[in-house]
Structure formats: structure tokens, C-alpha cells
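Working notes, structure below.
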Amino acid sequence: MLGNSFVAGRMTVAAANQDWLPSILRVVGHIGPVSTVQETPETGQNLPMTDGEDEDSIQVQKRHSDFESDAPINAIIFSTVLSALYILLGNFRALLTFNGLGEYPFLLLTVVGAVVLRRREPELERPYQPLIVIPIIFSLVASFVVVRGAAFAPAQAAILTGLWGLGLVYYAVRTRYWA
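For the sequence shown, my numbering assigns the number -12 to the initial residue and increments by one for each residue that follows.
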């Protein structure tokens, strides 16, 4: 769970950078919206934005002079608030089940994809290549976790399936009509 708390912020920033989430969640280093002041790397002097710049084009954000951070604070706060709301409105066990059902299918698909890619294109350079039995065992265990979770929590599994379906519809509409 500690790992998820760190990764969730970075994933939220990545999603906001792709315009899937509000732009305030892409800010790193401070709380609040993107600064409208640009800091020059050479002098650290704050310069106002020029007419051709917008908030999305600023690569260097205003930071506190005595403390620099690349932490996705807005995204971490967002994730924390959502988790707290879910715990307050439900229970912690339901949150763990929902998280497991939402996360493990993607972990399973990732590892199965790596096994298939390893079989189809064995000549690809791989910096890390475990014995093939390790991802196969992981896939079996992850499949058990997903099936067991869906069997014991069918309402949450149905909600997640609906959310995935909405996500696919949103993705299809976005790539076809907004591109």
C-alpha cells in the first residue's frame, strides 16, 4: 500500500499530462495551480510570461528558493482525499478488495503480454529476463486473485467492469473525434 501511495501520485500526473485529468493535477513541486511566473535557470530570477506562452508550455515552474521538490503534491492530496472518502463511506476491506480487483487484471495482462512478446519476438533486447516459469507462476496466481475477488465481491467487480467500459468508450470517442 505504501508503494501504491507513491505510484498513484505519479500516475495521476501522467494522466493529467495526457489531459485525462484536470491540469492542476499535473503540477509538481508545490500545492496549487501552475505558476504564471517563469523562473530562469541561470539566475533564478522570476520573469513574467510572454504573450506566446501558456501554462502548458512552461517547463520550469516557480519553486520556493530554499526547498525544491519534484513531488506531485496535488496528485497525492487528490489520491488521499479519494481514499479517505471511500473509507469513510465504505470500509477498509472493501477498499482493499476494490483496489485488488482494479489492479490485478492489469498486472496479469502486463505479465501475459511480456510472456507472449518473449515467445513471438525472442530476438528483442531485454535488460532483465527472468526464467519463464516465474512470469507463468505469477500469471496463475494473479488469475486466481482476480477470479476469487470477482466471485466473492461480484458487485465491486461489476462496478469495475462498468468503469472499464466507460473508459473504453471515452478513449474511443476521444481518439476518433478529438484528435
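Positions of the beta carbon are idealized from the N, C-alpha and C atoms, including for glycine.
All figures in this text were calculated on a predicted structure; none of them were measured in a lab.
Residue i by DSSP, collapsed to three states: which one?
{"i": "VAL133", "result": "helix"}
{"i": "GLU90", "result": "helix"}
{"i": "TRP7", "result": "coil"}
{"i": "TRP165", "result": "coil"}
{"i": "VAL156", "result": "helix"}
{"i": "TYR124", "result": "Note that residue 124 is Ile in the sequence shown here, rather than Tyr. Helix at ILE124."}
{"i": "ARG(-3)", "result": "helix"}
{"i": "PRO28", "result": "Because the pLDDT of PRO28 is 47, which lies under 50, any placement of that residue in the model is unreliable, and the number read from its coordinates should be weighed accordingly. Of the three classes helix, strand and coil, the one that applies to PRO28 here is coil, per DSSP."}
{"i": "VAL15", "result": "coil"}
{"i": "ILE119", "result": "coil"}
{"i": "ALA138", "result": "helix"}
{"i": "ASN(-9)", "result": "helix"}
{"i": "MET36", "result": "Residue placement at MET36 cannot be trusted, given a pLDDT of 49 that sits under 50; what the coordinates show is reported in the next sentence. Coil at MET36, not helix or strand."}
{"i": "ARG107", "result": "helix"}
{"i": "ARG113", "result": "coil"}
{"i": "GLY77", "result": "coil"}
At what residues does the alpha helix (DSSP H) containing residue i begin and finish?
{"i": "LEU58", "result": "In the sequence under discussion, the amino acid at residue 58 is Ala, which differs from the Leu named in the question. Unbroken run through ALA58: none, as it is neither H nor E."}
Could you name the residues of the same chain whose beta carbon sits closer than 6 Å to that of residue i, not counting the 5 residues immediately before and after it, in chain order?
{"i": "PHE139", "result": "none"}
{"i": "ALA(-5)", "result": "SER66"}
{"i": "MET(-2)", "result": "none"}
Return no unless some Cβ of chain D is closer than 9 Å to the Cβ of residue i.
{"i": "ARG13", "result": "Of the protein chains in this structure there is only one, and it is not chain D."}
Give me, in chain order, the residues of the same chain whose beta-carbon lies closer than 7 Å to that of residue i; leave out the 5 immediate sequence neighbours on both sides.
{"i": "GLY154", "result": "none"}
{"i": "LEU12", "result": "THR(-1), VAL0, ALA3, ASN61, ALA62 and PHE65"}
{"i": "ALA168", "result": "Residue 168 lies beyond the residue range present for the chain, which begins at -12 and ends at 166; the question has no answer from this structure."}
{"i": "ALA137", "result": "LEU88 and ALA144"}
{"i": "LEU72", "result": "none"}
By Cβ distance below 8 Å, which residues in the same chain neighbour residue i in space, the five residues on each side in sequence not counted?
{"i": "ILE119", "result": "VAL102 and ARG105"}
{"i": "GLN116", "result": "ARG105"}
Discussion item. Could you check whether the segment 127 to 144 touches the segment 89 to 109, counting it as contact only if at least three pairs of C-beta atoms, one from each stretch, sit closer than 8 Å?
Written reply: yes
Discussion item. Count Cβ pairs between the segment 59 to 66 and the segment -9 to 11 that sit closer than 8 Å; are there 3 or more?
Written reply: yes
Worksheet item: Between the segment 142 to 150 and the segment 82 to 91, do at least 3 Cβ pairs fall closer than 8 Å?
Response: yes
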